[in-house]
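Student:
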Amino acid sequence: MWERITHWIEVRIGLEELVNKHLRQFRTPKGATFWSTLGFVTLIAFIVQAVTGIMLLLYYIPHPEHAFNSVQTITNEIPYGWLFRLIHNVGGNIIVAVIIMHMVHVFLRVSYRRPREITWVTGVLMFLLVLLACITGQLLPWHQTGFWQTTVTSTIPAFLPVIGEGISSYMRGGEFVTGITLSRFFSFHVVILPVFIVALMFLHVLLIRRQGLSTSPLIEPETETTPPDDFKRDAHPEGQPCFPHFSLKRLFMVMVYFAFLFFILTFFPNIFLPPEANIQADPMTTPESIRPAWYFLAPYQIIKTIPNDVLGISLLVIFSFILMFWPFFDARDAGRNIRKRPMLLSLGLIVLALWLIFTIWGMYS
Amino acid sequence: MMRYVIIPVIVFIALVAAGHSRASYRETFEKEFMLSPWAIAKGEISACIQCHTSDSMDPKMHQLVREWRGSWHAKNNVSCHDCHGGAPEDASMSMMHQRGFKGSPENLDIPGFCGTCHIAIEKNYLHSGHGKTFLDTGEGPSCVTCHGSHDIQRASMDIINEHLCSQCHTYERAKEMKQALFLVESKLNSIDKNLKRLKVLGIATERQEQAFFRNHAEFRALFHSIDVDAVRARSSDYTQKLEEIENEINESFKQLAFRRNFSAYLFLIFIGLSIVVFLLSKTYEEDKK
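Residue numbers (this note's numbering), protein chains in the order written: chain A, 31 to 395; chain B, 52 to 340.
(1) For G253/B, which residues in chain A fall below 7 Å Cβ to Cβ?
(2) Kindly list the residues whose CB is nearer than 7 Å to the CB of R283/B, restricted to its own chain and excluding five residues on each side of it in sequence; keep chain order.
(3) Taking Cβ positions only, does T296/A come closer than 8 Å to chain B?
(4) In terms of DSSP beta bridges, what is R285/B paired with?
(5) Please go through the region 89-147 of chain A and give each complete beta strand (DSSP E) segment of 3 or more residues, from N-terminal end onward.
(6) Give a yes or no on contact between the region 60-73 of chain A and the region 272-282 of chain A, applying the rule of three or more CB pairs nearer than 8 Å.
(7) Less than 8 Å between the C-beta atoms of E147/A and F326/A, yes or no?
(8) What residues in its chain sit with their C-beta under 6 Å from that of R202/A, if we drop five residues either side in the sequence?
(9) Taking a cut of 7 Å between CB atoms, which residues from the region 317-330 of chain B lie near chain A?
(10) May I ask which residues mark the beginning and end of the alpha helix (DSSP H) holding T82/A?
(11) Alpha carbon to alpha carbon, what distance is there between D106/B and V160/A?
(12) Which residues, in order along the region 118-143 of chain B, keep a beta-carbon less than 7 Å from a beta-carbon of chain A?
(13) Is the region 295-311 of chain A close to the region 110-130 of chain A, with three or more CB pairs under 8 Å?
(14) Among residues of its own chain, excluding the 5 on either side of G163/B, which ones have a beta-carbon nearer than 8 Å to its beta-carbon?
(15) Examine chain A for any beta-carbon lying closer than 8 Å to the beta-carbon of R258/B, and answer yes or no.
(16) Have a look at I193/A and K305/B and give me their C-alpha separation to the nearest angstrom.
(17) Decide if the region 162-180 of chain A is in contact with the region 258-267 of chain A; the criterion is three or more beta carbon pairs, one per stretch, under 8 Å apart.
(18) Rounded to a whole number of angstroms, what is the C-alpha to C-alpha distance between Y222/B and C216/B?
(19) Can you pull the chain A residues whose beta carbon is under 8 Å from the beta carbon of A315/B, in chain order?
(20) Classify D360/A as buried or exposed, calling it buried when 16 or more other Cβ atoms lie within 10 Å of its own Cβ.
(21) Sort K229/B, C99/B, I203/B by Cα distance to D209/B and report the nearest one.
(22) Terminal residues of the continuous alpha helix (DSSP H) containing H178/B?
(23) Measure the CB-CB distance between P271/A and R57/A and report whether it falls below 8 Å.
(24) Report all residues from its chain with a CB closer than 8 Å to the CB of N151/A; omit the five preceding and five following residues, and keep chain order.
(25) Scan the region 186-246 of chain A and note each continuous alpha helix (DSSP H) run of 4 residues or more that stays entirely inside, going in chain order.
(26) State buried or exposed for K238/B, treating a residue as buried only when at least 16 other CB atoms are found within 10 Å of its CB.
(27) Would you tell me roughly how many angstroms separate the C-alpha atoms of V129/B and E295/B, rounded to the nearest one?
(28) For W112/A, return the contacting residues in chain B, with the cut-off set at a CB-CB distance below 7 Å.
(29) Tell me whether the beta-carbon of I242/B lies closer than 8 Å to the beta-carbon of L307/B.
(30) Alpha helix (DSSP H) containing N266/B: first to last residue?
(31) Is there a Cβ of chain A sitting closer than 8 Å to that of S332/B, yes or no?
(32) Give me the Cα-Cα distance between H132/A and S100/A, rounded to the nearest whole angstrom.
(33) Using CA atoms only, rank isn't needed, just tell me which of F185/B, L324/B, I100/B is closest to A142/B.
(34) Does the beta carbon of K305/B sit closer than 8 Å to a beta carbon anywhere in chain A?
Structure follows, in structure tokens:
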């Protein structure tokens, strides 16, 4: 019976050829570890966000008078609505953490170098868009936490010289966070940002498929000391076929992602939903403590710490710019083995350490 | 080489542009979010507080503000003008009678003063032994005798105590009332605590909160009649109504337990799957070797 079904599908789709061409013949380099699968985990995490988001969309009402109650209805009355809401809420935070880990891994392997500069740029751009999706998403439940977090985060761009106030005003649709802001954030969160993220994701994956996965510089340092001048696909004939070897590594990491997600849901279901997240947004009542989400604590604390706030925001913009175009700033003639590049390693570690310090500082300040 | 040129150029442009920035949002942001403490209540921004805490004011007046700040009223954003009237937003007119300023009430006006908000309680109090004595002699217990005037705390059974009650009569009578209140009060406290817990855990409790508030207010109003028999007679009604709320609360806790168990079940499934997949991937690696 099973063979008849697979044969029926095979005749119509040619699944065997598809798997052969894109999974068995596509080879991964030696030294591809579990860390190399983080990009794929991000893709799965994004799909999880999309699916749960669509489920929430069935009942959510993007209007200030109904948004909070509709989310309360989803959480408390719709069968398993709580599950979709919590997965979406916790998953949104995990996806940011996974992307950061993925970026750190790519940086430490110096995989962003020629010919993979565009892959890095699209990746950073996607990261920024995911952060925007998080900002826009936190307002949608129209609770106190989201409302006041949005008030704070939508004010930060105002520090930017010349264009800052315009950006803030555009984000809010006026001077304050109102129903217009909700409407705007809803359309960005549900349609505009996902479309751009999917387009960039498509380009990102296409580039990886065309160029092949980068080899670990620690294992085969000689292969990429001199970047090629012509297009050359890394076929990795000495490596492993993507299926089943690397696919199983990916599957394992996806299982770890889900296990971690449900671990949070079991033991810390409200870790990203403080008590104020259960109170409807009230523009007249400022909660006792408002902090941005954990991934914005570092920039928030930097702006608070640097006395000249224009300098603070300018530093953040410059940092984002350098991060995005880092492959073009990095030395062209240096090798890829980061152990032989102490300056680069120190730079990476200092940036990471500063980010951690400012995050912890922001948490307790 | 280009990178050494581009970075300083960007920094230079950013700093030059900074000189041209306007600052209205920035000022608002600094004032409202960066420099001010978050916990300032709305009531604080008032001419009453500013004046009564100023150096030119009698230190006794400072004490009133300190007491109010720690009160149940302050916690619920009930500010000076909510009781005393006046215009807190306008320092020059804040104490004008034309702007509704009432000042401090005379002794006999106290029940009416508090009864502006606590309507049902005032009505029952005036018909009670306490109220009648107060109206007849002008010396019986009024609202402030038991609750204080500015340092008003959330009412609880602790207010009925030997020290306070024996100022006017023997404690035995009050004790009898305390016993009559005990069951319903315990339920009220437990429901209040559980509703707060549920709210923090993300359960919608609006309906139960409304029912709780209604019963709580009615029962408190009944107590102010100081009629032990009436309290005893109605206690079973309130107990029944509160048990209905308790049942709903228990259902919510069961729902939370189900959610936790369901998530734990999925967690264990994925832990199991990850172990299986890991072992499978190792098998393939060993096969290759």
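Quick reminder that beta carbons are idealized off the backbone N, C-alpha and C, glycines included.
Every value quoted in this text rests on a predicted model; they were computed, and no experiment measured them.
Tutor: By the coordinates alone:
(1) T105, N300, L303, N308
(2) A231
(3) For T296/A, the answer is yes, since a Cβ of chain B falls inside 8 Å of its Cβ.
(4) Answer is none; R285/B lacks a bridge partner.
(5) none
(6) Between the region 60-73 of chain A and the region 272-282 of chain A, the count of C-beta pairs closer than 8 Å reaches three or more; the two stretches touch.
(7) no
(8) S184, T211
(9) Of all residues in the region 317-330 of chain B, only L317, F318, F321, I322, L324, S325, V328, F329 come within less than 7 Å of chain A when Cβ atoms are compared, listed by chain position.
(10) In this chain, the alpha helix (DSSP H) harbouring T82/A covers 68-87.
(11) Looking at the two C-alpha atoms, the distance is approximately 53 Å.
(12) none
(13) yes
(14) P156, E173
(15) no
(16) 52 Å
(17) no
(18) If you take the alpha carbons of Y222/B and C216/B, they lie about 6 Å apart.
(19) F292, T296
(20) With 16 or more other CB atoms across the displayed protein chains lying within 10 angstroms of its CB, D360/A is buried.
(21) K229/B
(22) 170-178
(23) yes
(24) For the sequence presented, residue 151/A should be read as Val rather than Asn. Once the five neighbours on either side are set aside, the close Cβ partners of V151/A are M354, F355, P357.
(25) 194-202, 209-217, 223-241
(26) buried
(27) Between the C-alpha atoms of V129/B and E295/B there is a straight-line separation of about 31 Å.
(28) R310
(29) no
(30) Where N266/B is concerned, the enclosing alpha helix (DSSP H) starts and stops at 257-274.
(31) yes
(32) 35 Å
(33) I100/B
(34) no
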